[in-house]
Amino acid sequence: MRQRRWLELVKDYDCEILYHPGKANKVADALSRKSSATVMSMMVMDPRLRKEIEDFELEIVGGRLATMTVTPSIFEDMAMKQELDPELVKLKECVKEGKCPEFRLDENGRLLLQNRLCIPDIEGLRKQIMKEAHETPFTMHPGSTKMYHDLK
């Protein structure tokens, strides 16, 4: 039914509708990702100035002092923790020597097995990934099958 309403809306226009699969639509994918920054702000105004502005019945527009703390993303954390896992370090050497064709290194030096990231279980990284995927306030659980495929 919804498609019919859209068809009615665009039928009088000379347009071409192109479908972009999710993997090819990087812009929408980037916009739907969770932000990894924390912003704190503080409003500052001199009380005498505030009183004078109120006497003139003018609108008060306050300034803001803001700080932003950026923490390493979970992907950067994975690359660092891969270096702490002796088994993955050996596999990386094997890849560099060309002896492990099923593995490869991405542009950031992370180890991949058949285009899937190798996740070491160092310092609870796997648990952190599951928590990030399930419990953050910006995440909505899409269902067990889609969640499995996304994390896979």
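This note's numbering runs 1100 ahead of the 1-based position in the sequence shown. For each residue, glycine too, the CB sits at the ideal point set by N, CA and C.
Following the DSSP letters along the chain, one finds Leu1109 inside the alpha helix (DSSP H) bounded by residues Arg1102 to Val1110. When only Cα atoms are considered, Ile1174 and Asn1215 end up about 18 Å apart. Shown here for Ile1219: same chain residues with a beta carbon closer than 8 Å to its own, the five before and five after excluded, namely Met1178, Leu1225, Arg1226 and Ile1229 in chain order. The DSSP-derived three-state label of Arg1210 is coil.
For Phe1175, the enclosing alpha helix (DSSP H) stretches over residues Ile1174 to Gln1182. Look at Leu1205 here: in three-state DSSP terms it is strand. With fewer than 16 other CB atoms across the displayed protein chains lying within 10 angstroms of its CB, Lys1196 is exposed. Of the candidates Glu1232, Leu1188 and Lys1111, Leu1188 places its Cα closest to the Cα of Leu1213.
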